[in-house]
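Residue numbers are given in numbering that gives the first Met the number 0: position 19 of the sequence shown equals residue 18, and the series is strictly consecutive.
Notes to accompany the following structure.
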Amino acid sequence: MELFPTLELGWLNGWIFTAFFYSIFGILLKILPKEVVARLYDEKGWTKLQKVSAKISKIFGILIIILMTFTPLKLESLEFIIGVIIFSIGTIGFIAAILNFANAPLDKPITSGLYKISRNPQMVMLYFIGIGSSIVIGSYIAIILATIGQFLSHFRILGEEKRLSEQYGDPYKDYKKKVPRYFLYF
């Protein structure tokens with residue numbers, strides 16, 4: 000691992016992981032019903048701070064993608080293997096969370112699948128993907144960018160939870176009492 004990796008163009012760079020994830024995500028967006036995709040991107044009830052922090056967190060994601068694109072992979076390193084494992088867990092978990100989301104009734108809070116252990120499994124899994132990607136390329140700066148981006152996403156999550164409390168009322172408030180926001184109780 001190094002603070003900032005050596006950047007160069009190449010076929011065997013971290014872009015492979017970015018392309019893999021976004022190909023899967025693109026396929027999911029194409030096959031999911033339009034109302035599910037609309038619900039994924041619903042910003043109703045968000046404050047200006049929540050919208051701005053969500054946009055800034057995306058900038059950090061783009062910076063990681065740039066690092067991934069231009070950083071050669073060190074296939075035989077321990078970091079690469081650990082990063083692939085974390086990235087894979089994140090990708091599989093993200094797909095599961097999206098499918099749980101898609102299969103939930105629109106008139107009730109989502110409480111099945113990964114939503115039984117986290118109110119925001121998509122965001123948690125995106126963090127796993129970001130950390131895994133950062134470790135794959137062996138970059139501490141990418142880990143820092145992923146962490147800052149995830150911290151900023153927290154404000155988005157607060158906006159979503161406020162809207163869901165208003166939309167679903169007591170069933171969602173009861174769910175919030177039983178299930179942690181992330182995978183840990185805080």
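All residues carry an ideal CB built from backbone N, CA and C; glycine is no exception.
From a predicted model like this one, the values you see are computed outputs, not experimental measurements.
- Counting C-beta atoms within 10 angstroms of its own C-beta, Tyr114 has 16 or more neighbours from the protein chains shown and is therefore classed as buried.
- Minimum Cα-Cα distance from Ala101 among the listed residues Pro32, Asn12, Asp173, Gly60 corresponds to Pro32.
- Annotation: the stretch 48 to 106 contains the following complete segments of the alpha helix (DSSP H) (minimum length 4 residues), in chain order: 77 to 102.
- In the DSSP annotation of this structure, Phe182 is not part of any alpha helix (DSSP H), being labelled neither H nor E.
- Three or more Cβ pairs drawn from the stretch 135 to 150 and the stretch 50 to 68 lie within less than 8 Å of each other, which places the two stretches in contact.
- With respect to the 8 Å criterion, Ala141 and Ser152 are not classified as neighbours on the basis of their beta carbons.
- Around the beta carbon of Phe127, a 10 Å sphere encloses 16 or more other beta carbons of the protein chains shown; the residue is thus reported as buried.
- The beta-carbon separation of Gly13 and Leu72, rounded to 6 Å, stays under the 8 Å limit for a contact.
- Less than 8 Å separates the beta-carbon of Trp45 from that of Gly158.
- For Ser138, no alpha helix (DSSP H) run applies, since DSSP gives it neither H nor E.
- Between the stretch 108 to 124 and the stretch 21 to 32, the count of Cβ pairs shorter than 8 Å is below three; the stretches do not touch.
- Check the Cα spacing between Leu8 and each of Phe79, Phe69, Arg180, Gly137: the tightest is with Phe69.
- Your pair Tyr139 and Leu2 checks out as a contact, with CB atoms roughly 5 Å apart and the cut at 8 Å.
- Nearest to Leu39 by alpha-carbon distance, out of Leu66, Pro120, Ile15, is Pro120.
- Spanning the alpha carbons of Ser164 and Gly131 requires a straight line of approximately 32 Å.
- The beta carbon of Phe16 sits closer than 7 Å to the beta carbons of Met67, Phe86, Ser132, Val135 from its chain, once the five residues preceding and following it are set aside; these are given in chain order.
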